[in-house]
Amino acid sequence: MKHWILTVLTVVGFALSTHAQEKKNKNAKVDIEVLGNCDMCKKRIEKAAYTVKGVKSAEWHAEDQTLHLIIDENRTNSKNIQEAVANAGHDTKIGESSIKAPNETYNNLHHCCMYDRAE
Amino acid sequence: MNFKHISLAINLIGITPLFAQVKDSISSPIEIKISEVLLRGKITNTFNQSLENVIVQYDDLSFEAVSNIDGSFEIPYKENGNLTFYIEEYEPHQITLSNSDFVFIKLEPIGDLDEIVIRTNRRSTSRNNKDNLNTQTMSSNELLKAACCNLAESFETNPSIDVNFSDAITGSKQIKMLGLTSPYILIAEENIPSVRGASQAYGLSFVPGTWVESIQVTKGAGSVVNGYESISGQINYELLKPATDIPFYLNLYGSTDSRYEINTHLNEKVSDKWSTSLFIHGNKRVKKNDMNHDGFLDNPLGSQLNVMNRWQYLNQEKGIVAFLSARAMVDEKQTGEVDFDPTTDKLTTNSWGSELNTKKIDLSSKIGYVFPDMPFQSIGWQNAFNYHEQESYFGLNQYDITQRSFYSNLVFNSIIQNTKNKFAAGLSFTYDNYSEYVYNFNAQNYDRIDQSYGAFFEYTYDNLDNFALVAGVRADNSNRLGAFVTPRIHLRYNPWEDAVLRASVGRGKRLANIFAENQYLFASSRDFLINNSGGKAYGMNPEIAWNYGLSFSQTFRLFTREAQIIADFYRTDFQNQIVVDIDQSAKNVAFYNLDGKSFANSFQLEFNYNLATHFNLRSAYKYYDIQTDYQKGRLERPLQAKHRVFANLEYQTHLQDNGAQWKFDVTWNWLGKQRLPYTGDLSANNQLADYTKPFSTFNAQITKVFSDTFEIYIGGENISNYQQDRVILGAENPFGNEFDSTIVYGSIFGKMYYAGLRFKIK
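So the sequence lines, in the order shown, correspond to chains A and B.
Counted from 1, the first sequence has number 50 at position 38 by the numbering used here; the numbering is strictly sequential.
Counted from 1, the second sequence has number 1694 at position 440 by the numbering used here; the numbering is strictly sequential.
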């Protein structure tokens, strides 16, 4: 009997936890490392982030070179945003996954936005 | 939940300055430690070319260096020092030092964008180019420039607001915005409408200046969140916040018109979440002044005791902030003939006198909650109960009013899709129970209950770059105003760098409390004639007006220093107004619904300039064209100058490490001629000219700050000693039918000097 209850509990617990995994956060906090210099960069980076549906809030700070996001995970993921920002000309990185801006786009940035590219 | 996010959301329920204050204290000079360490660095332009001869300077001018041919420099290192780099043709650049590591500085050519911190002192009055409404924020530094003592007087150095001369009856100063008096301005304390109804005329004088942390002045219609009543603008004042206030503050003040004040603030952080402040204000005028020898006091004898206790709860992890406030005030004033003695002469014809006694009790609560993980979403709920009791007589006229009010406002802030699209939605409820007794040739009672409830929605679009729109609408239902809709729209556009174009349109609707707002007229022998046309407020209709505004501001560099030009044009168009007509006869005042047109056009050109380091000029020219169709025809509003000029100079010496500093401030006001009300039906010796003569006044103040804890100040108002040549008509027979002490357009007392001290424990 005891064994049986334990099994049920384990199954229920497992079910709940997988359910929790499936349930995506509608207000997930995501930080992306984005390189840039000035207010012009800030505008460009934030604008690019907002073009992605599901981005609720996007704030880029020059001091920490980070784009602070709140996103709806049901509608988008961090990779989409990395791509959008990179396509606008700014190199991005989350942990090991970095998406870089095309060289051509980077070279066409206003000269105040010519951030130092790693390597 | 981080700090920044809370401040973002709480902004919308009006608790912002709490956080603003924290930021201020961070940016204000911190004690600088000098060490023997040298800071080394290199300066280049954006193309990595070395820059020679760049001046490297601390903002307190303690050390200076010049860069070498290879762009290198060295300067003694100061922790938290602000280092500025400048050279011609490049934008100045400032950094704050946190360590002595080698620094690379890149200077940008002038005309390039952006990001560079420009070296200026924080102005005590500021406008933000990203504000969607035409709002000026006056910090507590600005408030210190006025002589004294209450909120009405703190606008004397602000060009957008005209402060009238105090009348002889209450000694209080009234304010005007866009040429319209305070009833047409929504005045709110931390976003709860505060100066209204019974306190409309003198409410500002019941708020001691030292309690105020900052004031936001918005020209034009303003937001719908705080109600439908504002017509020419909104003034919101924020009181000191218990969570950030200093433990002890003392201010003493005395002046040559024998007014004395004491302000004490006590603050205690009770726990990591709760803090409390106790404010005590007392003032007294003990001596009778009659500088113009007309037998009447120039300003009233009086005393006020005003006590407030506030509690603040702040839980940053949970995103909750709450305030509980309680206040009680007793204010007494006596004026009239010099030998008037209220114990024997009250309501007799022995001699003419007046007493005005006010009691107030205010209770309020506010709570704001920011949703976890959703810093853009919050709820705010504020409630206020006010009790206001005034008992007064003016010669044989009597006026008593008691108002019990309850106000509640619930605001929900969130976004649509993303933070480019924000909205505020909410519900509000207002209840006012008035009992009003008037004796003016006969006894009249105007007891009534006003109540209204409404819902509002305000949408804000911001493209995060150069354009924003705020579109608000509210629907209200009131037992006296009926059911009605209040739309308001504001636009902001930044056409090019450092330029802002703002436009606004909005509607306002309100009930005129004709006696409370015009009670100074009781100090005359005028007969109050109320034209009952079957309306719901004193037999008249609500006042309705549309306000249209356009404002342009440009910041630029003039001879390398910052300059700003602002041009504002506003028009208020009344659909209905309760006309206060003192031009039919000098022996009465008539109140009636507007029949025809009534409008107020105002134009203001403001020029601000940083003349030298720590030396600022603020100047403005103001043009008012305010006309109303009276029964007699279209006339300019009486006692209103068509042209006004304002200039203010402020200079401060360098702030020393211990906070020591000198501050100098001079304000000059010039008022063009003002139309005087009709006096043609009085006997020849009581008749006035059609217009006053232009005149100007000077105010000046010097503050010596000895340290962060102690400062003294002295100053003078109306130093050139301009005095209105005749204040009282029919003074020889105050109970006759030609008596009038209400026509005040200039100073009665003349020049006045004052001194005070401030002591703080931080």
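Beta carbons: idealized from backbone N, C-alpha and C, even for Gly.
Only a predicted model underlies this, so the values are computations on that prediction, with no experimental measurement involved.
The stretch 1718 to 1733 of chain B touching the stretch 1773 to 1784 of chain B, judged by at least three CB pairs closer than 8 Å: no
Any C-beta of chain B sitting closer than 8 Å to the C-beta of residue 45 of chain A? no
Quick one: Cα of residue 47 of chain A to Cα of residue 1873 of chain B, how far? 43 Å
I'd like to know whether the C-beta of residue 1667 of chain B is nearer than 8 Å to at least one C-beta of chain A. No, residue 1667 of chain B does not count as interfacial toward chain A.
Using a Cβ cut-off of 8 Å, pull out every chain B residue sitting near residue 85 of chain A, in sequence order please. Residues of chain B passing the Cβ test: none, with the nearest at roughly 12 Å.
Contacts around residue 1846 of chain B, its chain only, beta-carbon distance under 6 Å, and the 5 residues preceding and following it disregarded: 1785 and 1833
Chain A within 8 Å of residue 1628 of chain B, Cβ atoms only: yes
So residue 1300 of chain B contacts chain A; which residues on that side make the cut at Cβ distance below 9 Å? 123, 124 and 126
Residue range of the unbroken alpha helix (DSSP H) whose run includes residue 87 of chain A: From DSSP, residue 87 of chain A is part of no alpha helix (DSSP H); its letter is neither H nor E.
Could you give the C-beta distance for residue 1247 of chain B and residue 1411 of chain B, rounded to a whole number, given that I count them as a contact under 8 Å? Outside the shown range of chain B, which is 1255 to 2016, sits residue 1247 of chain B, and nothing can be said about it.
Cα separation between residue 1910 of chain B and residue 1735 of chain B? 57 Å
Inspect the beta-carbon positions of residue 1840 of chain B and residue 1936 of chain B and report whether they are closer than 8 Å. yes
Contact set between residue 55 of chain A and chain B, taken where Cβ atoms lie within less than 7 Å: 1718 and 1719
Would residue 80 of chain A be called buried (16 or more neighbouring beta carbons within 10 Å of its own) or exposed? buried
Check this for me: beta carbons of residue 1926 of chain B and residue 1897 of chain B, under 8 Å apart or not? Result yes, Cβ atoms of residue 1926 of chain B and residue 1897 of chain B sit closer than 8 Å.
Where residue 1350 of chain B falls: helix, strand or coil (DSSP): strand
In terms of alpha-carbon separation, which member of B:1974, B:1453, B:1378 and B:1518 lies closest to residue 1213 of chain B? The requested residue 1213 of chain B is not part of the displayed model; chain B covers only 1255 to 2016.
Proximity test, Cβ basis, 8 Å: residue 117 of chain A and chain B: no
Taking Cβ-Cβ distances shorter than 8 Å, what residues in chain A pair up with residue 1672 of chain B? 62, 67, 68, 69 and 70
Does DSSP put residue 1374 of chain B in a helix, a strand or coil? In this prediction, residue 1374 of chain B has a pLDDT of 41, which is less than 50 and means its spatial position is unreliable; nothing more can be read from the coordinates.
Going along the stretch 1512 to 1526 of chain B in order, which residues come within less than 7 Å of chain A, judged by CB to CB distance? none
If distances are taken between C-alpha atoms only, which option among B:1599, B:1602, B:1589 and B:1852 comes closest to residue 2018 of chain B? One cannot answer for residue 2018 of chain B here, as it falls past the ends of chain B, which runs 1255 to 2016.
Note down the Cα distance separating residue 1612 of chain B from residue 1714 of chain B, rounded to an integer number of angstroms. 41 Å
If you measure from the beta carbon of residue 1306 of chain B to each beta carbon in chain A, is any gap under 8 Å? no
Residues of chain B with CB under 7 Å from residue 39 of chain A, in chain order? Going along chain B in sequence order, the residues near residue 39 of chain A (Cβ under 7 Å) are 1627 and 1628.
Buried or exposed for residue 1684 of chain B, going by 16 or more other Cβ atoms inside 10 Å? buried
Which residues, in chain order, does the stretch 1350 to 1362 of chain B contribute to contact with chain A at a C-beta distance below 7 Å? 1362
Span separating the alpha-carbon of residue 1296 of chain B from that of residue 1321 of chain B: 8 Å
So residue 1507 of chain B is in the beta strand (DSSP E); what residue range does that whole segment cover? 1502 to 1509
Would you say residue 58 of chain A reaches chain B, if we count a Cβ-Cβ gap shorter than 8 Å as a contact? yes
With H, G and I counted as helix, E and B as strand and the rest as coil, what does DSSP make of residue 1427 of chain B? coil
Which value, in whole angstroms, describes the spacing of the CA atoms of residue 1645 of chain B and residue 1600 of chain B? Approximately 13 Å between the Cα atoms of the pair.
Since residue 1398 of chain B is in the alpha helix (DSSP H), which residue starts that stretch and which ends it? Unbroken run through residue 1398 of chain B: none, as it is neither H nor E.
Going by the CB atoms, is the gap between residue 1551 of chain B and residue 1543 of chain B shorter than 8 Å? Contact: yes.
In this structure, does DSSP put residue 1358 of chain B in helix, strand or coil? When DSSP states are grouped into helix, strand and coil, residue 1358 of chain B belongs to the strand group.
Take the Cβ of residue 2020 of chain B as the centre, count every other Cβ of all protein chains shown within 10 Å, and call the residue buried at 16 or more, exposed below. This structure cannot settle anything about residue 2020 of chain B, because the visible part of chain B is limited to 1255 through 2016.
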